[in-house]
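For reference, the structure is listed below as structure tokens.
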Amino acid sequence: LKVGGNPSGPMWATDTPVTCTPGITNTWQGAASADWHLNSMDWSLSRLPGTCDHVTLQTGISMHIKSPAIAKAFTLTIPQGAELSVEAGAELSVRK
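Numbers in our numbering are just positions in the sequence shown, counted from 1, shifted up by 8.
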């Protein structure tokens, strides 16, 4: 995992317990340059990822989480050749 940029807000980790059903994967299927929250139909489960989803981006994707959105996932897979940016004022919460 490569994290770059110059975050202007706080970054933190938490060990808050969460119970999830294993094996639910929600894969991005939309445009190559996209907003995480723009259209729920761009995700394989036809809904935005939630706290218990294993989220997978695809190679060649340039994904953006725009302010004031809060994106959630249980796990997040960003393959080589994909990018994910979190704008100032937006949040990304990955449980594991």
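Glycine included, each C-beta is placed from N, C-alpha and C at the ideal position.
- Compute the Euclidean distance between the alpha carbons of residue 87 and residue 46, then round it to the nearest angstrom. 21 Å
- How many Å lie between residue 78 and residue 67 at the Cα? 23 Å
- Message: Assuming residue 73 is part of the beta strand (DSSP E), what are its boundary residues?
- Response: 70-73
- Query: Going by Cα to Cα distance, which pick from 97, 54, 96, 69 is closest to residue 34?
  - Reply: 54
- Could you have a look at residue 101 and say whether DSSP puts it in helix, strand or coil? strand
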